[in-house]
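Input: a single structure, listed below in C-alpha cells.
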Amino acid sequence: MKELVTYIAQSLVDKPEQVTVAEVEGNQTTVLELTVAKEDLGKVIGKQGRTAQAMRTILSAVSSKVRKRTVLEIIE
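Numbers 207 to 282, taken from the working numbering, label the letters of the sequence shown in order.
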C-alpha cells in the first residue's frame, strides 16, 4: 500500500523526488504519512480535499482485501 500511495502522489506533483511515505504499523491499523514539497501540497489535497479523499477511498478498498485498516495522513 505504501507503493500505491507513493505512485499516486508522484503522478500528481511537480517534484516527485520529494515525495516520501512513512509507514507506521499497529496491531490492526497502519498509518501512512505522506510528505510532499510545500508548493505541491495543494495538488495532493485537491479542491475541497477531493483528491485526498479519493486516495483514502482507494486505500480503504485495498485494505479491506487484506482485512487491515489503513489511514492516510498528509503531513505539511
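No residue lacks a Cβ here, since even glycine has one placed at the ideal position from N, Cα and C. Since the model is a prediction, treat every value here as computed from it, not as a measurement.
Taking the alpha helix (DSSP H) that residue i falls in, what are its first and last residues?
i, result
"residue 262", "256 to 271"
"residue 243", "Counting along the chain, residue 243 falls outside any alpha helix (DSSP H), and DSSP gives it neither H nor E."
"residue 250", "247 to 251"
"residue 211", "208 to 218"
Among the options, which residue has its Cα nearest to the Cα of residue i?
i, options, result
"residue 231", "222, 277, 281", "277"
"residue 265", "253, 240, 221", "240"
"residue 280", "274, 261, 270", "261"
"residue 242", "228, 254, 268, 234", "228"
What are the boundary residues of the beta strand (DSSP E) that residue i is part of?
i, result
"residue 230", "226 to 231"
"residue 279", "275 to 281"
Output the distance between the C-alpha atoms of residue i and residue j, rounded to the nearest integer angstrom.
i, j, result
"residue 263", "residue 251", "13 Å"
"residue 220", "residue 238", "21 Å"
Flag this pair as touching only if the segment 245 to 252 and the segment 213 to 229 have three or more C-beta atom pairs under 8 Å; answer yes or no.
-> yes
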